[in-house]
DNA sequence: GTCTATAACTCGATAGAC
DNA sequence: GTCTATCGAGTTATAGAC
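Residue numbers (my numbering), protein chains in the order written: chain P, 50 to 254; chain G, 50 to 254.
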């Protein structure tokens with residue numbers, strides 16, 4: 050079977066090994082999520098992908114470039130933002146909790162966790178803060194800007210609760226919080242987010 | 050002036066250079082807070098303290114020991130816990146917010162931030178989770194355990210909001226949230242914590 | 001495209017002179 | 001108590017053979 054080329058068929062190079070590049074990328078994603086940027090070595094990624102370390106450089110250049118490539122959110126921000134846009138302000142708390150918490154249970158979780166950990170470690174912090182401020186939050190803030198000027202604070206309070214949940218559940222793995230089903234957690238968190246967005250904030254009155 | 054010893058005075062070794070050990074400790078504290086455990090080298094701490102790197106080992110042993118020594122909370126956990134213990138459950142939200150947020154504005158902030166960043170980076174995570182679970186949270190959980198079994202989840206929800214606030218304000222420095230005076234923020238956060246502690250949690254009913 | 005070999009560097013920790 | 005010198009391990013990244 051093997052080694053003997055049937056004339057006209059099965060000759061030449063075998064079709065890409067499920068693509069070496071994407072195997073590297075997958076390995077990098079989970080590694081970065083588990084250990085954070087600093088503690089991940091190109092060698093360990095190469096090992097996980099069962100690939101030579103030099104190949105990682107060959108495909109992605111420097112470690113930083115590999116990180117950026119691996120982090121690239123497979124979720125379309127516009128898709129998420131569109132759903133939020135179509136939600137009336139009175140029910141945005143539940144909508145956001147539902148959307149975000151479910152993303153964190155999806156395969157995209159590794160990317161998000163890796164991004165968050167890197168931000169906390171001070172790596173790529175500008176990249177992340179800009180993404181947060183200019184892409185995600187800036188879009189929602191004007192819709193909840195009441196009283197005038199409170200919009201940014203409101204959405205950043207929401208971000209703080211969401212980040213804390215990410216830290217507790219997916220980084221520290223606090224039990225039993227980490228074991229609570231998403232659906233229940235959404236119901237618990239939604240009222241908090243809703244109050245931050247449209248509720249009465251003592252300091253603003 | 051210099052070099053000439055007046056008889057009977059100013060002889061012998063000069064009084065300790067403000068103590069080499071504490072200079073090292075101070076440098077380590079701010080370094081760890083700014084850069085996290087991983088990115089701090091013993092050499093860099095020694096540079097900041099204007100001390101030979103070998104001296105750091107001489108005084109504190111390994112890097113881990115230096116970290117623990119530098120992290121050592123200047124706040125007595127019992128002091129904080131006592132104040133919480135003396136608060137009736139109905140107003141614990143405000144009490145906790147008041148206590149914790151003010152600690153984060155005190156000189157102890159660097160230690161707390163360093164600890165948090167290390168936890169997020171996966172360093173010393175057992176040490177931190179145990180501290181959190183067994184020292185801080187375990188004490189409060191039984192007092193808000195209603196319905197039975199909800200106590201742990203309740204306090205961990207509180208922890209999540211507090212950690213998120215720490216991340217947003219003191220790690221990511223999100224403006225304008227990072228600029229809000231503590232007093233106002235306490236009033237904003239307290240109701241959230243109170244609901245988590247004693248309020249109605251949809252999933253529990 | 002893939003891999004070997006290695007340059008160039010940083011780190012923690014130690015031994016030992018002074 | 002303080003410093004020099006260095007070991008050994010780990011890293012990114014590159015050069016070049018195949």
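All residues carry an ideal CB built from backbone N, CA and C; glycine is no exception. These figures come from a predicted structure and were not determined experimentally.
Per-residue contacts from residue 201(P) into chain G (C-beta, under 9 Å): Stepping through the first chain from its first residue, residue 201(P) is reached at position 152. Ordered by position in chain G, the residues that pass the 9 Å Cβ test against residue 201(P) are 223, 224, 225 and 226.
Neighbour list for residue 250(P) in chain G, Cβ cutoff strictly below 9 Å: In the first chain, the residue the question calls residue 250(P) occupies position 201. Going along chain G in sequence order, the residues near residue 250(P) (Cβ under 9 Å) are 233, 236 and 237.
Assigned exposure category for residue 111(G) - 16 Cβ within 10 Å defines buried: For the purposes of this step, residue 111(G) is taken as the residue at position 62 of the second chain. Residue 111(G) sits exposed, since fewer than 16 C-beta atoms from the chains shown fall within 10 Å of its C-beta.
Residues, ordered as in the chain, of the segment 161-173 of chain P that lie near chain G by beta-carbon distance below 8 Å: Under the 8 Å Cβ criterion, the segment 161-173 of chain P contributes 165, 166, 168, 169, 170 and 171.
C-beta atoms of residue 220(G) and residue 246(G) nearer than 9 Å: In the second chain, counting from the first residue as 1, residue 220(G) sits at position 171. In the second chain, counting from the first residue as 1, residue 246(G) sits at position 197. No, these two residues do not count as a Cβ contact at 9 Å.
Residue 106(P) vs residue 91(P) beta-carbon contact at 9 Å: One-based indexing of the first chain puts residue 106(P) at position 57. One-based indexing of the first chain puts residue 91(P) at position 42. For residue 106(P) and residue 91(P), yes; Cβs fall inside 9 Å.
Chain-ordered residues of the segment 76-90 of chain G with a beta carbon less than 9 Å from chain P: Those would be 83, 84, 85, 87 and 88, in chain order.
For residue 77(G) and residue 122(G), the rounded distance between their alpha carbons: Taking the first residue of the second chain as 1, we reach residue 122(G) at position 73. Taking the first residue of the second chain as 1, we reach residue 77(G) at position 28. Annotation: residue 122(G) to residue 77(G) spans about 14 Å, alpha carbon to alpha carbon.
Chain P contact for residue 152(G) (CB, 9 Å cutoff): Locating residue 152(G) in the second chain gives position 103, where the first residue counts as 1. Not closer than 9 Å to any Cβ of chain P, the Cβ of residue 152(G) fails to qualify, so no.
Cβ of residue 68(P) within 9 Å of any chain G Cβ: In the first chain, residue 68(P) corresponds to position 19, counting from 1. So, not an interface residue.
Distance, residue 160(G) Cα to residue 152(G) Cα: Residue numbering aside, residue 152(G) sits at position 103 when the second chain is read from its first letter. Residue numbering aside, residue 160(G) sits at position 111 when the second chain is read from its first letter. Taking the CA atoms as reference points, residue 152(G) sits about 10 Å from residue 160(G).
N-terminal and C-terminal residue of the alpha helix (DSSP H) that residue 106(P) is part of: If you number the first chain from 1, residue 106(P) lands on position 57. 102-109 is the extent of the alpha helix (DSSP H) around residue 106(P).
Exposure label - residue 101(P); buried when at least 16 CB within 10 Å: Residue mapping note: residue 101(P) aligns to position 52 of the first chain, counting from 1. With fewer than 16 neighbouring CB atoms inside 10 Å of its own CB, residue 101(P) falls in the exposed class.
Inter-residue Cα distance where the pair is residue 212(G) and residue 210(P): Indexing the second chain from 1 puts residue 212(G) at position 163. Indexing the first chain from 1 puts residue 210(P) at position 161. Rounded to the nearest angstrom, the two C-alpha atoms are 8 Å apart.
Cβ of residue 210(G) within 9 Å of any chain P Cβ: Sequence index remark: in the second chain, residue 210(G) carries index 161 (1-based). Cβ-Cβ to chain P under 9 Å: yes for residue 210(G).
Proximity to residue 82(G) [Cα-Cα], best of 114(G), 199(G), 163(G) and 148(G): Reading the second chain from its first residue, position 33 is the one you call residue 82(G). Closest option to residue 82(G), Cα to Cα, is 163(G).
Amino acids of chain G, ordered along the chain, whose beta-carbon sits closer than 7 Å to that of residue 205(P): Residue 205(P) sits at position 156 when you count from the first residue of the first chain. Ordered by position in chain G, the residues that pass the 7 Å Cβ test against residue 205(P) are 217, 223 and 226.
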